[in-house]
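S.K.: Have a look at the structure that comes next, please.
Number of protein chains: 2
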Amino acid sequence: MKIGELATGSGCSIETIRYYEREGLLPPPVRTSSNYRDYDDGHVELLGFVRHCRSLDMGLADVQRLLAFRQDPQAHCADVNGILEQHIAHVAKRLAELQTLQKQLLKLRARCRKEVKACGVLQALNDRLPVHPSK
Amino acid sequence: MKIGELATGSGCSIETIRYYEREGLLPPPVRTSSNYRDYDDGHVELLGFVRHCRSLDMGLADVQRLLAFRQDPQAHCADVNGILEQHIAHVAKRLAELQTLQKQLLKLRARCRKEVKACGVLQALNDRLPVHPSK
DNA sequence: CTAAACCCTGTAGTCACTACAGGGTCAAGC
DNA sequence: GCTTGACCCTGTAGTGACTACAGGGTTTAG
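Top to bottom, those sequences are chains Y and C.
Per this note's numbering, the first sequence starts with residue 1, numbered consecutively.
Per this note's numbering, the second sequence starts with residue 1, numbered consecutively.
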């Protein structure tokens, strides 16, 4: 199958598929006489795996490691689980950050609605933040 | 004050300050005879405003628009509020996405713990996703 | 006087794509 | 046989918000 077919079948763009190939996430397929990429069912499955991982917001480096585990008969389930646990922690952290953020934004909006004349929002944004020790 | 002092005072890096100047978020300060940037209190306040906006995860384009409103006596509070509302919607959307994500990841983890031998996680990740119509 | 700590410019790298530019190939209809 | 349009190719540059050098100049403390 040609790249366009694989793209519509997998729900990602042609450019993304070529990008995955460059990055080593998809093995280069055979080429037709006119240099077109010619994919088989293995590619379809592999790309499905990659897209599933990406839909869970995993980075491509993690996806690559999972792909390696799939190939490796020596790999342990614990290795797979480790990547998963790390990713769960990462998402939980970002989730907490966003929730804090949302609270602050709603507070800010409340200010604007009350003090239209002097624009409470701009005033509030002007307040300096406590400076956290940054690297 | 020199750039290093501004950096430690504001909690962002020297490179970031120079980057903001290049992007037009901070006006270029005067230079000393040895070509060092020499900042004043106006810069400190401006940078505080920018960092506060960034801590709320606003994009630099939005920050720039807010900065323009600060300068403009014609600007309406409604303009400021518009940016804020958009941003609140944006954060709410991302929050919902992450919550869905987290549920899926926890489900996935549950699989791994049960079926160690055949690694349920890798199997589950191999399941194809329903293909959403993608652009 | 020297060494460390600071500053400068300019460029390239990050991540996961996306968007061209500038070409080649193929199938259908005239 | 020729054109038109849909498809494919490579290679490069852009996105956002920085970060990380390389390769220099300046200032300050001992």
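Note that CB positions come from ideal geometry on N, CA and C, so glycine has one too.
Taking beta-carbon pairs under 8 Å, can you tell me which members of the region 77-99 of chain C lie near chain Y?
M.R.: Here the close residues are Cys77, Val80, Asn81, Leu84, Glu85, His87, Ile88, Val91, Ala92, Arg94, Leu95, Leu98, Gln99.
S.K.: Check for me: the alpha helix (DSSP H) holding cysteine 53 of chain Y runs from which residue to which?
M.R.: Cysteine 53 of chain Y -> alpha helix (DSSP H) spans 41-55.
S.K.: Leaving out the 5 sequence neighbours to the left and right, which residues in its chain are closer than 7 Å to cysteine 12 of chain Y when beta-carbon positions are compared?
M.R.: Contacts found: Arg51.
S.K.: Excluding the 5 residues flanking arginine 65 of chain Y on each side, which residues of the same chain have their C-beta closer than 7 Å to its C-beta?
M.R.: So the qualifying residues of the chain are Ile83.
S.K.: List, in order along the chain, the chain Y residues whose C-beta lies closer than 8 Å to that of arginine 18 of chain C?
M.R.: Going along chain Y, no residue has its Cβ under 8 Å from arginine 18 of chain C, so there is no contact; the nearest lies around 16 Å.
S.K.: With burial defined as no fewer than 16 other Cβ atoms inside 10 Å of the residue's Cβ, what is the status of arginine 37 of chain C: buried or exposed?
M.R.: Buried.
S.K.: Does the distance from the CB of valine 44 of chain C to the CB of glycine 9 of chain C come in under 8 Å?
M.R.: A contact, by the Cβ cut-off of 8 Å.
S.K.: Which of the residues in the region 32-62 of chain Y, read from start to end, lie with their CB under 8 Å from any CB of chain C?
M.R.: Cβ contacts with chain C: Glu45, Gly48, Phe49, Arg51, His52, Cys53, Ser55, Leu56, Asp57.
S.K.: Cβ of leucine 6 of chain C less than 8 Å from any chain Y Cβ?
M.R.: So, not an interface residue.
S.K.: In angstroms, rounded to a whole number, what distance separates the CA positions of aspartate 57 of chain C and leucine 101 of chain Y?
M.R.: Approximately 8 Å, taken between the alpha carbons.
S.K.: Drop a sphere of 10 angstroms on the beta-carbon of valine 63 of chain C, count the other beta-carbons inside from all chains shown, and report buried for 16 or more, exposed for fewer.
M.R.: Buried, because 16 or more other Cβ atoms sit within 10 Å of the Cβ of valine 63 of chain C.
S.K.: Taking only heavy atoms of the ligand GTP into account, decide whether any of them is closer than 7 Å to the Cβ of lysine 93 of chain Y.
M.R.: Looking for the ligand GTP in the displayed structure turns up nothing, as the structure carries no ligands at all.
S.K.: Sort out for me which residues DSSP pairs aspartate 38 of chain C with in a bridge.
M.R.: In DSSP, aspartate 38 of chain C forms a bridge with C:Val30.
S.K.: Have a look at lysine 103 of chain C and arginine 54 of chain Y and give me their C-alpha separation to the nearest angstrom.
M.R.: About 15 Å.
S.K.: Just to make sure I have the definition right: I need the residues of chain C whose C-beta is within less than 8 Å of the C-beta of glutamine 102 of chain Y. Which are they?
M.R.: The contacting residues are Ile88, Val91, Ala92, Leu95.
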